Amino acid sequence: METMRQIEKRTRLTRRRFLQTTGVTAIGVGALSTGTVLIDPRGAWAMTLTTLTPETARDLVQMARDLYPHERLAESFYAKAVEPYDAQAAKDPALRDLLANGAKELDRLAAEKGAKSYADIADEAQRVAILKSISGTPFFAKIRGDMITGLYNQPEIWAKFGYEGASAQLGGYLHRGFNDIDWLKA
Amino acid sequence: MVAYNLSDNSVVVVVGSGAGGGTLSNELAQKGIKVVCLEAGKRTEIADFENDEWKMFGKISWLDKRTTSGTWRVAKDFGGLPAWIVKSVGGSTVHWAGASLRLQEHEFKARTHYGAVKDANLLDWPISLAEMKPYYDKAESKMGVTGTHGIPRLPGNNNYKVLAAGAKKLGYKEFHSGNMAINSQPRDGRGACQQIGFCFQGCKSGAKWSTLYTEIPKGEATGKLEVRPSSQALKIEHDAAGKVTGVLYADKDGKQQVQKARAVAVAGNSIESPRLLLNSASSKFPDGLANSSGQVGRNYMRHMTGSVYAIFDKKVHMYRGTTMAGIIKDESRHDPKRGFVGGYEMETLSLGLPFMVAFLDPGAWGRDFTSAIDQYDQMAGMWLVGEDMPRQSNRITLHATEKDQFGLPIPNVNFDDHPNDLAMREHAFKQGSAVYQAVGATRVFRTPPYPSTHNLGTNRMSAKAGDGVVNKHGQTHDIKNLFIADGSQFTSGGSENPTLTIVSLAIRQAEFIAGAMSRKEI
Chain Y
1 METMRQIEKR TRLTRRRFLQ TTGVTAIGVG ALSTGTVLID PRGAWAMTLT
51 TLTPETARDL VQMARDLYPH ERLAESFYAK AVEPYDAQAA KDPALRDLLA
101 NGAKELDRLA AEKGAKSYAD IADEAQRVAI LKSISGTPFF AKIRGDMITG
151 LYNQPEIWAK FGYEGASAQL GGYLHRGFND IDWLKA
Chain L
187 MVAYNLSDNS VVVVVGSGAG GGTLSNELAQ KGIKVVCLEA GKRTEIADFE
237 NDEWKMFGKI SWLDKRTTSG TWRVAKDFGG LPAWIVKSVG GSTVHWAGAS
287 LRLQEHEFKA RTHYGAVKDA NLLDWPISLA EMKPYYDKAE SKMGVTGTHG
337 IPRLPGNNNY KVLAAGAKKL GYKEFHSGNM AINSQPRDGR GACQQIGFCF
387 QGCKSGAKWS TLYTEIPKGE ATGKLEVRPS SQALKIEHDA AGKVTGVLYA
437 DKDGKQQVQK ARAVAVAGNS IESPRLLLNS ASSKFPDGLA NSSGQVGRNY
487 MRHMTGSVYA IFDKKVHMYR GTTMAGIIKD ESRHDPKRGF VGGYEMETLS
537 LGLPFMVAFL DPGAWGRDFT SAIDQYDQMA GMWLVGEDMP RQSNRITLHA
587 TEKDQFGLPI PNVNFDDHPN DLAMREHAFK QGSAVYQAVG ATRVFRTPPY
637 PSTHNLGTNR MSAKAGDGVV NKHGQTHDIK NLFIADGSQF TSGGSENPTL
687 TIVSLAIRQA EFIAGAMSRK EI
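See below:
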């Protein structure tokens, strides 16, 4: 019997991506004429901010991971999910305030636990407890809802979950394993 | 292509181009009747389809503002999106899965067989399975339904194989790859299914029947049918005698036009169709058109639904291949010993990763949730679709204050699950879980209803004018030249996916309209 066609789940690094993911230096925040560049301390991602503060953005990226934690997803995917907020907030003061005040509240709750900010709490369980305590707020609902598409609708992550995305251009699955399951007993 | 004058009052205006409206338009055109089909959505063709769940959702869904109320979970999870239907030429036949099942005899006579169910507004259809049989035959042949008329069934995909293995272990007898309006071999100028998946995003190969590339171009080829896309019907007009005379609509430029008509057939799905009748209220008909019974907008049904997803210790890749080609029919019988009246179908269903995270457990977050998503490729899934109870209070009403882009009240959809719906869902969740556990599922999920895809009953058929909105031909009791041609005609819901019945009724209705026109009755 033929075996099932499996999917390559490892990220294939192109040269360009390799440079993108490793070329950033260890400085935390830099200034550009176009805005602030926030660089993850582990060097995994960077984003340019014009409206959100670096503190807010860091909290949001951490919150995105705490909402939908997947060890198989690099930090850069969570950053990419959060990044569009900056441009949206630039046009929408209500959103800007919602995000800024939401992050401030996260930091206030973090301070109660003796941490500098939400993103600086080392213990995931402590961060999750904070999220639970604010889960009834519009801020929480907004981030949670947006991350469902912001995170999981990135085609780059699909293969990591064994989802192959578009298939019509490959002739569908007619000759590519639509019925190749091999472990069911007759 | 033919283009009729707005003042041409010899045309039949059909509102909507989906399973009901698209089929009726073509059937009338084939009989030489002049038809203007007003479609609110754009003309999106196969070339515009993308194998991308959110992109297609944004491209073809009916996203006009709606509100919800009632105790159903959809109101909580998807308050602004009570229904998941299509605004595009072809209507919801663009995104439907293709399951084409006949209603059963007892389902046409629900009141007789189920008796008086408390807080339900059950009624027998004024039509029987025997009367419907020739039209079901025609519809199945037209649509190329597998497992009928000698058309072979589709091959089962991985998701089906898991379902079938579980069904067998459980002792179920009637399970197969379904009766699907998806070509298992080339037919009617369209090719065979390529097992692409993405049935809900528009079939890229055209193997799945949709009015978009079957009924509509066939009707247009007669030179009798004019389809006007981006034309949203706003109001049906009538004369002093109470006959309808035309339809006010917003054209592609947003300009309001009136297309005169000899007769009007409404097929805008079960939210927009009653809304159009209600928004057409006049001094002569202050409660809306065809509403002397007060039943317009009431008895809204959306099928008892739910899904079971199960995780296995090995790969399934459920998304590969046809989305819904798999069914267990054993529970679709009426057997009140189970604790509810009516029955339900169990049908394979898969969602791509982007939709799965949105629908598996709406609102969920954290590791309990992501640990399930981590096993996405080891999941199998089924949809549970059963008969829900018609209720007077489950209804479409006009919003008291909110207006749409044309200044008309938006619809509110109120729905409370009936105790029978809840008992059936509980049974279906248990049985669905058992199917997967029988073949080694390590974790099962009871997924709550999605926004409604089967919207039914809000202009229902009745023998007596006081019990419903239309007669057995979909002709309104009150106005002879006004018809309903979509699922809002359904007197009761049955346990089957409704499209085949909608198409069959449209074929039957076209015969009736043609006859009535030639007899000068309308």
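Sequences listed follow chains Y and L, in order.
Those letters in the first sequence? Residues 1 to 186, per the numbering used here, in order.
Those letters in the second sequence? Residues 187 to 708, per the numbering used here, in order.
The C-beta atom is built at its ideal place from N, Cα and C for all residues, glycine as well.
Here the structure is a predicted model, which means the values were calculated and not measured.
Q. For Gln623 of chain L, which three-state DSSP category applies?
A. helix
Q. By the 10 Å Cβ neighbour count, where 16 or more other Cβ atoms means buried, how is Lys501 of chain L classified, buried or exposed?
A. buried
(Q) When you compare the CB of Cys379 of chain L with every CB in chain Y, is at least one pair closer than 9 angstroms? (A) yes
Q. From Tyr321 of chain L to Ser690 of chain L, what does the alpha carbon distance come to, in whole angstroms?
A. 5 angstroms
Q | Selected residue, minimal CA-CA separation from Ile582 of chain L, among L:Thr628, L:Pro595 and L:Val494 | A | L:Pro595
Q. Is there a Cβ from chain Y that is less than 9 angstroms from the Cβ of Glu236 of chain L?
A. yes
Q.
For Thr21 of chain Y and Thr253 of chain L, I'd like the C-alpha separation in whole angstroms.
A. Confidence in Thr21 of chain Y is poor, its pLDDT being 46 and thus under 50, which makes the residue's placement unreliable; the coordinate value appears in the next sentence. If you take the alpha carbons of Thr21 of chain Y and Thr253 of chain L, they lie about 45 angstroms apart.
(Q) So for Lys421 of chain L, helix, strand or coil by DSSP? (A) strand
**Q.** Alpha carbon of Tyr622 of chain L to alpha carbon of Lys347 of chain L, nearest angstrom
**A.** 11 angstroms
Q | Inter-stretch contact (C-beta, 8 angstroms, three-pair minimum) for the region 442–449 of chain L and the region 630–639 of chain L | A | no
(Q) What are the residues in the region 537–567 of chain L lying within 7 angstroms of chain Y by C-beta distance? (A) Gly538, Leu539, Pro540, Val543, Ala544, Trp551, Gly552, Arg553, Thr556, Ile559, Asp560, Tyr562 and Asp563
Q: Please classify Ala285 of chain L: is it buried, with 16 or more other beta-carbons within 10 angstroms of its beta-carbon, or exposed?
A: buried
Q.
Under 8 angstroms: does the beta carbon of Pro341 of chain L sit that close to some heavy atom of the ligand MN?
A. Of the ligands one can find in the structure shown there are none, so the ligand MN has no counterpart to examine.
Q. Within the 9 angstroms Cβ cut-off, does Pro69 of chain Y reach chain L?
A. yes
Q. If you draw a straight line from the C-alpha of Arg288 of chain L to the C-alpha of Asp516 of chain L, how long is it?
A. 15 angstroms
Q: Look at Pro576 of chain L and Gly643 of chain L and say whether their C-beta atoms are less than 9 angstroms apart.
A: yes
Q. Ordered along the chain, which non-local residues of its own chain (more than five positions away) have a Cβ less than 7 angstroms from that of Asp305 of chain L?
A. Arg577 and His604
Q) How would you list, in chain order, the residues of chain L whose beta-carbon sits under 9 angstroms from the beta-carbon of Thr3 of chain Y? A) Near Thr3 of chain Y there are no residues of chain L at all, since even the closest Cβ is about 10 angstroms away, more than 9 angstroms.
Q: Could you confirm whether any beta carbon from chain Y is found closer than 9 angstroms to the beta carbon of Ser690 of chain L?
A: no
Q | Neighbour list for Thr149 of chain Y in chain L, Cβ cutoff strictly below 8 angstroms | A | Trp240, Pro540 and Ala544
(Q) Strictly by DSSP, which residues pair up with Pro597 of chain L? (A) L:Leu584
Q.
Just to make sure I have the definition right: I need the residues of chain Y whose C-beta is within less than 7 angstroms of the C-beta of Pro312 of chain L. Which are they?
A. Residues of chain Y passing the Cβ test: none, with the nearest at roughly 43 angstroms.
Q: With a floor of 4 residues, list each alpha helix (DSSP H) that falls wholly inside the region 521–555 of chain L, ordered by position along the chain.
A: 539–545
Q: Pull up the distance between the alpha-carbon of Leu98 of chain Y and that of Thr508 of chain L, whole angstroms please.
A: 43 angstroms
Q. Starting from Gln443 of chain L and walking both ways along the beta strand (DSSP E), at which residues does that stretch end?
A. Gln442 to Lys446
Q) Residues of chain L with a CB under 7 angstroms from the CB of Tyr152 of chain Y: which are they? A) Leu539, Pro540 and Val543
Q. For Leu584 of chain L, which residues from the same chain have a beta carbon less than 6 angstroms from its beta carbon, with the 5 sequence-adjacent residues on both sides left out?
A. Leu464 and Pro595
Q. Considering only the beta carbon of each residue, do Met532 of chain L and Leu570 of chain L sit closer than 9 angstroms?
A. yes
Q: Have a look at Ser678 of chain L and Thr56 of chain Y and give me their C-alpha separation to the nearest angstrom.
A: 53 angstroms
Q.
Any beta carbon from chain Y within less than 9 angstroms of Arg339 of chain L's own beta carbon?
A. no
Q) Would a C-beta distance cut-off of 9 angstroms place Trp311 of chain L and Met647 of chain L closer than the cut-off? A) yes
Q.
With a threshold of 8 angstroms, are at least 3 pairs of Cβ atoms found where one atom belongs to the region 204–218 of chain L and the other to the region 364–373 of chain L?
A. no
Q) Which residues share a DSSP beta bridge with His362 of chain L? A) L:Ile513
Q. Does the beta carbon of Ala26 of chain Y come closer than 9 angstroms to any beta carbon on chain L?
A. Reliability of the predicted coordinates at Ala26 of chain Y is poor, the pLDDT of 37 falling under 50, and no value is obtained from them.
Q) Any Cβ of chain L within less than 9 angstroms of the Cβ of Glu164 of chain Y? A) yes
Q: Note the first and the last residue of the continuous alpha helix (DSSP H) segment covering Tyr321 of chain L.
A: Leu315 to Met329
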